[in-house]
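Peer 1:
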Amino acid sequence: MHQIDTKLTLVCLVCFVGGTALLEGGTLSNLQRPFAVVAVVAADQPVNKCVPIQALGGGIDGHEKGECARMLSDKNIAEMLSAGLGPLTYRLRTELAGEVWHWNPRGTWSDASHHCGYWTSDDSVADPIVVSYGYRLPRRGNTIDQANDDGFSRIADGDEDSFWKSNPYLDSHFTGDSDNVHPQWVVIDLGTAKSVNSIRIHWGTPYAEQYRVEYWTGSDPMHLHSDREDEWRLFPKGEVDHGSGGDEYVRLSGKARSVRFLRFLMSQSSGTTAQPSNDIRDRVGFAIREISIGRLESNGRFHDYVRHAADRHKQTIVYVSSTDPWHRAEDLDCNIEQPGLDFILTSELTNRLPVLVPVGVLYDTPENAAAEVKYLLERQYPLEGIELGEESSGDRACRISSHNYSRGPTSPATVPG
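Residues in the sequence shown are numbered consecutively from 15, following the working numbering.
1) Contact check, P142 vs F357 under 8 Å by CB: the rounded distance?
2) Using the beta-carbon count (16 or more within 10 Å), is Q352 buried or exposed?
3) Across which residues does DSSP place W115 in a beta bridge pair?
4) Report the partner residues of G131 according to the DSSP bridge assignment.
5) For A222 versus G257, is the C-beta distance shorter than 8 Å?
6) Using CA atoms only, rank isn't needed, just tell me which of S146, P101 and R366 is closest to L346.
7) In this structure, how does DSSP classify R366 when only helix, strand and coil are distinguished?
8) Please work out which residues of its chain come closer than 7 Å, Cβ to Cβ, to D163, disregarding the five sequence neighbours upstream and downstream, and give them in chain order.
9) Consult DSSP for I169 and reduce its assignment to one of helix, strand or coil.
10) Under 8 Å, with one C-beta from each stretch per pair, do the stretch 129–141 and the stretch 186–201 reach the 3-pair mark?
11) According to DSSP, simplified to helix, strand and coil, what is I74?
12) Looking at the ligand HEM, does it come within less than 7 Å of F275, judged from the CB to the closest heavy atom?
13) Can you tell me where the alpha helix (DSSP H) with Q68 in it begins and where it stops?
14) Let me know the secondary structure DSSP gives T438 once reduced to three states.
15) Please report how far the alpha carbon of E113 lies from the alpha carbon of A53, in whole angstroms.
16) My understanding is that S209 touches S272, with C-beta atoms under 8 Å, so please give their C-beta distance in whole angstroms.
17) Could you check if T206 is buried or exposed, using at least 16 other CB atoms within 10 Å of its CB as the buried criterion?
18) For the stretch 69–78 and the stretch 327–339, state whether three or more C-beta atom pairs, one from each stretch, are separated by less than 8 Å.
19) Any idea if Q289 is buried or exposed, counting beta-carbon neighbours within 10 angstroms, 16 or more meaning buried?
20) Among the residues of its own chain, which have a CB less than 8 Å from the CB of L363, if the five just before and after it don't count?
21) I need the boundaries of the alpha helix (DSSP H) containing D88, first residue and last residue.
22) Cutting at 6 Å between CB atoms, please list the residues of its own chain near S281, excluding the five before and the five after it.
23) For the candidate residues R393, N382, H116 and R154, whose alpha-carbon lies nearest to that of C348?
24) Sorted by chain position, which residues of the same chain lie with C-beta nearer than 8 Å to F275's C-beta, five sequence neighbours on each side aside?
25) Is DSSP giving I213 helix, strand or coil here?
26) When burial is assigned at 16 or more other CB atoms within 10 Å of the CB, is H341 buried or exposed?
27) With a CB to CB cut of under 6 Å and the five nearest residues on each side skipped, what residues in its chain are close to K179?
28) Assuming F249 and L266 make a contact with CB atoms under 8 Å, what is their CB distance in whole Å?
29) Any idea if F49 is buried or exposed, counting beta-carbon neighbours within 10 angstroms, 16 or more meaning buried?
30) So which of L376, L110, N365 and W133 has the shortest CA-CA distance to F97?
31) Mind checking which residues open and close the beta strand (DSSP E) that includes M280?
32) Find out if the Cβ-Cβ distance for the pair E401, L376 is shorter than 8 Å.
33) Alpha carbon to alpha carbon, what distance is there between L106 and G40?
34) To which residues of the same chain is R247 closer than 7 Å at the C-beta, ignoring the five residues directly before and after it?
35) Alpha carbon to alpha carbon, how far is G399 from V373?
36) For G218, count the other beta carbons within 10 Å of its own beta carbon; 16 or more makes it buried, fewer makes it exposed. Which is it?
Here it is, written out as structure tokens:
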């Protein structure tokens, strides 16, 4: 028997079938013949390594009302630990639900006298936080969310007293960038291709002074792996440079076009507010009360294809680039709860290892995130890191970069870092 060297070398012979290639004239060449590729793998020289007890861990997430206490009993925690999983991560269900997270039930409102506005949880060390909640956003723009999926867009709810508003922290006042760098948008899915030549926008305040109305040439722009040849195209009369707000009708084209997806791309805000306010966040961004899309007939009759309903399953599907985290005390979602930070970080579930903890991003404020980090550091909890948002893979979500988010507002408050 041949002696086996401790240094094992594997040689792999892989055959590939050559693809087609375009000739200069645009025709396809014949298939190339198979060719061999040799790959040498040195097993004693790993490129990377995985330590299971460090790499494989558990996660704690938000749950239905009362489930956290029932699930995280001493007995159940012991059973969870018996699985042998190592590090722990804290998942943020409120971010998937499109809600703002009151990570500490104690805190302050920007409009304290009316218990509404922008919330900042208390960063002082007091009684341990056992449970926390999310708050629904009354200025919500998305029809669909990735949690209970039981909300709806205010752009197509049929109520002209409600409205969607974009996230004020994406305005140039906070980012320091031109507003053209962070244009805000609304995409509406009519479900099937419709014959469209006109729109009506009922603006809130602030409204868009400059915006574009576009249509998608392909099948679906809101999911990955779309045909690369598809694109957003401007309607012939879809560019508005001097919008004045209010009820605005726009004739997009002389001849109706068959389209399914429309995008409203907003770049310059009026910078106005409906009510007097010293908070700059009330005056930046864009607000829309309702959108109608349809066909204007020769007799002047407008046929609206948008289904307006305060119901996720009955309204036309709407997607938005961002949402204003403004909310009220009455918007508490008591049916979903997050386990308290102190409860988790002092429990046996951590295995005495550093924990990955999130802060709210897409539906929260830099002030609230900074307060949470300060609180965790004051408690001297061992942290693996701070995750911005929930599973921030970039899949139709991450519209706020960590760079811009960390700058924070210059008014009415400044966030360090």
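Glycine included, C-beta positions come from ideal geometry on N, C-alpha and C.
Peer 2: Working from what's here:
1) Between P142 and F357, the beta carbon gap of about 7 Å places them in contact (Cβ cut-off 8 Å).
2) The C-beta of Q352 has 16 or more other C-beta atoms within 10 Å across all chains shown, which makes the residue buried.
3) Bridge partners of W115: G148.
4) When DSSP reads this structure, G131 sits in a beta bridge with H341.
5) Yes; because the gap between Cβ atoms is below 8 Å, this pair is in contact.
6) If we check each option's Cα against that of L346, S146 comes out closest.
7) Coil.
8) Hits under 7 Å: R326.
9) Note: I169 maps to coil in three-state DSSP.
10) For the pair of segments examined, the stretch 129–141 was found not to touch the stretch 186–201: the number of CB pairs separated by less than 8 Å stays below three.
11) I74 falls in the strand class under three-state DSSP.
12) No copy of the ligand HEM appears in this structure; indeed no ligand is present at all.
13) P66 to A69 is the extent of the alpha helix (DSSP H) around Q68.
14) Outside the displayed range of the chain (15 to 431) lies residue 438, so it cannot be described from this structure.
15) If you take the alpha carbons of E113 and A53, they lie about 50 Å apart.
16) The beta carbons of S209 and S272 sit about 6 Å from each other, so the pair counts as a contact at 8 Å.
17) With fewer than 16 other beta carbons inside 10 angstroms of its own, T206 counts as exposed.
18) Under the 8 Å Cβ criterion, the stretch 69–78 does not count as touching the stretch 327–339, having fewer than three qualifying pairs.
19) Q289 should be labelled exposed.
20) So the qualifying residues of the chain are G72, I74, L86, I91, M94, L95 and L102.
21) D88 -> alpha helix (DSSP H) spans D88 to L95.
22) Setting aside the 5 residues that flank it on each side, S281 is surrounded in the same chain by D193, N194, P197 and Q224, each with a C-beta closer than 6 Å to its C-beta; the list follows chain order.
23) Measuring from the Cα of C348, the nearest candidate turns out to be H116.
24) Same-chain partners within the cutoff: V201, I202, D203, L204, Y229, W230, D234, P235 and M236.
25) Secondary structure at I213: strand, using DSSP grouped into helix, strand and coil.
26) Taking a 10 Å sphere around the C-beta of H341, we find 16 or more other C-beta atoms and assign the residue as buried.
27) Exclusion of the five residues before and after K179 leaves R153, G299, A301 and D338 as the residues of its chain whose Cβ lies within less than 6 Å of its Cβ.
28) At roughly 4 Å, the Cβ-Cβ gap stays under 8 Å, so F249 and L266 are in contact.
29) Around the CB of F49, fewer than 16 other CB atoms lie within 10 Å, so the residue is classed as exposed.
30) Per the sequence shown, residue 97 should be read as Ala rather than Phe. Ranking the options by Cα distance to A97, first place goes to N365.
31) Unbroken beta strand (DSSP E) run through M280: R271 to S283.
32) In this structure, L376 does not lie closer than 8 Å to E401 by Cβ.
33) Caution is warranted here: a pLDDT of 46 is assigned to G40, below 50, making its placement in the model unreliable, and no coordinate value can be reported.
34) If the five residues before and after R247 are omitted, its C-beta is found closer than 7 Å to the C-beta atoms of E228, Y229 and T231, all from its own chain and listed in chain order.
35) The alpha-carbon atoms of G399 and V373 are separated by roughly 11 Å.
36) G218 comes out buried.
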